[in-house]
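Engineer: Dropping a structure here in structure tokens format, bear with me for questions.
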Amino acid sequence: MDAIAADTQEVNLVIRRELHSDVPLVNQIADYIISAGGKRIRPTLVLLFANAWGYRGADHHALAAIVEFIHTATLL
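Add 171 to a position in the sequence shown, counting from 1, and you land on the number used in our numbering.
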């Protein structure tokens, strides 16, 4: 997945930025999402489809992060 490695890093930055909170538990959840790694199939698919369709903006990073948030929320 070298083709989307930079995009994946951007998604991680979005996750950290959007989940930053004064509530320690929220920050722990953000750290878990990023450090747990995993397959990240859902955000990867968002990034791959955006690239395949020639999207050149930055909104796909936010969308991929949102998809990961929703997935993680279903696991909590």
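The C-beta atom is built at its ideal place from N, Cα and C for all residues, glycine as well.
Since we're looking at a predicted model, the values are computed, not measured.
Report all residues from its chain with a CB closer than 8 Å to the CB of Val217; omit the five preceding and five following residues, and keep chain order.
Structural biologist: His231, Leu234, Ala235 and Val238
Engineer: For Thr215 and Ile186, I'd like the C-alpha separation in whole angstroms.
Structural biologist: 14 Å
Engineer: Assuming the contact rule is C-beta atoms closer than 8 Å, Ala176 and Asn222 should be a hit. Round their C-beta distance to whole Å, please.
Structural biologist: Incorrect: roughly 12 Å between the Cβ atoms, too far for contact.
Engineer: For Asp178, which residues from the same chain have a beta carbon less than 6 Å from its beta carbon, with the 5 sequence-adjacent residues on both sides left out?
Structural biologist: So the qualifying residues of the chain are Leu218.
Engineer: Below 9 Å between beta carbons: does that hold for Phe240 and Glu181?
Structural biologist: In this structure, Glu181 does not lie closer than 9 Å to Phe240 by Cβ.
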